[in-house]
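The block underneath contains the structure these notes are about, expressed in structure tokens.
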Amino acid sequence: MSLLIILALGWTVGIVKANSKGYMYANAGLAGKMFTENIVFESAAKNAPHCALVCNHHDSCMSFTFNHNICRGHAVLVTSNTTSVLAAGARSFYTEGKIRSCADRRTIDGQSGVRTLYTSLGSPLLVYCDQNTDNGGWTVFQRRQDGSVDFYRNWTEYQHMFGDLEGNFWLGLDALHMLTSSQSYELRVDLMTFSGTKGYATYSNFTISDSSDNYRLRFETFTGGNASMY
């Protein structure tokens, strides 16, 4: 998974990408197809809600297809690119509460913008997903491009989100801990100086610990870019 930070000396952006149990389901909009990839189970079901209950009992079930009392669960989020066969009346749904990263969101709609992710505890978290930078799938946790938001704040304020997710903001240390404690993340920092020079740096296995450890930042290796010179 991936996290992105956009910083400005001029500006900056920070983003992270996760390397890609709530129980809400959304229609995948892929009617008339029975998907054949990554099948977790296939069983009889009375209707689509019954099929959803069966999917709930499989931790790896990310989406399901229901057609004429046949319920088929999949370990992937099915899309128009997923292998399928034509099946009149088939309807597919994805598990909204298992969308843990912007990489998952990229699979669903591929659009940048404010989206809802779900933590490992099933709690909803609003984030900004960047689907344009470096193949997409990035969760932006800081964007600082001008002086419209005051970033000179105290420790307590940095524990929580401030600013505007569509503009300049900080996602919050508590949110970063919840995101990075459940799966592996890559960190990318993008920088631009006041003179317009741009650079970036990426780091593997980025994590933020909890408040008891003072939100300690850890990463394993520098993996690319030229922003370290700044």
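Here the sequence shown stands for residues -18 to -1, 1 to 212, where the numbers follow mature numbering (1 follows the signal peptide of the UniProt record, and there is no 0).
Note that CB positions come from ideal geometry on N, CA and C, so glycine has one too.
Note that the structure is a prediction, hence the values are computed from the model and not measured.
Buried or exposed by the 16-neighbour rule on C-beta atoms within 10 Å, applied to residue i
i: L35; result: exposed
i: Y100; result: buried
i: K152; result: The residue asked about is misnamed: residue 152 is Trp in this sequence, not Lys. Under this definition W152 is a buried residue.
i: T138; result: exposed
i: G118; result: buried
i: K80; result: buried
i: G55; result: buried
i: S194; result: exposed
i: R135; result: exposed
Spatial neighbours of residue i in its chain, beta-carbon cut-off 6 angstroms, leaving aside the 5 residues before and after
i: E19; result: T64, T65
i: A30; result: F48
i: residue 245; result: The shown model of the chain, from -18 to 212, leaves out residue 245, and the question about it has no answer.
i: C33; result: A27, F46, F48, C53
i: I144; result: According to the sequence as given, residue 144 is Phe; it is not Ile. Within the same chain, F144 has close Cβ partners W152.
i: S164; result: S102
i: K180; result: M174
i: L147; result: V96, Y110
Other residues of its chain near residue i: CB distance less than 7 angstroms, five sequence neighbours each side excluded
i: N150; result: R125, R126, Q127, D128, S130, V131
i: S42; result: V22, A57
i: R200; result: T189
i: S186; result: E168, F201, E202, T203, T205
i: H159; result: I190, S191, D192, Y197
i: Q93; result: Q113
i: P106; result: T98, Y100
i: L12; result: V60, S62, S74
i: H50; result: G71
i: R88; result: Q113, G118, G119
For residue i, the first and last residue of its enclosing beta strand (DSSP E)
i: V109; result: 106 to 112
i: T98; result: 95 to 100
i: F23; result: 21 to 26
Residue i beta carbon near the ligand SAH (any heavy atom closer than 7 angstroms)
i: R200; result: As presented, the structure is devoid of all ligands, the ligand SAH included, so that no description of it is given.
Limits of the alpha helix (DSSP H) - the one that residue i falls within
i: L35; result: 30 to 38
i: T203; result: From DSSP, T203 is part of no alpha helix (DSSP H); its letter is neither H nor E.
i: A13; result: First-last for A13: undefined, no H or E at that position.
i: A183; result: Careful: A183 lies outside any alpha helix (DSSP H), inside the beta strand (DSSP E) at 180 to 185.
i: A85; result: 84 to 90
For residue j and residue i, believed in contact at Cβ under 8 angstroms, the rounded distance
i: I52; j: E24; result: 7 angstroms
i: V96; j: L108; result: 6 angstroms
i: K7; j: Y76; result: Reading off the sequence shown, one finds Tyr at residue 7, where the question assumed Lys. Contact holds; Cβ gap of about 7 angstroms.
Beta-carbon proximity list for residue i, same chain, < 8 angstroms, skipping 5 on both sides
i: Y140; result: W152, G154, L155
i: V67; result: K15, M16, T18
i: N9; result: R73, S74, F75
Residue-level contact to chain C via CB, residue i, 8 angstroms cutoff
i: N29; result: Absent here is chain C; the protein component of the structure consists of one chain.
- prompt: What are the start and end residues of each continuous alpha helix (DSSP H) run of 4 or more residues lying completely inside the stretch 120 to 175, in chain order?
  reply: 137 to 140, 155 to 162
Curious, which full-length beta strand (DSSP E) runs of at least 3 residues does the stretch 45 to 74 contain?
-> 45 to 49, 52 to 56, 66 to 68
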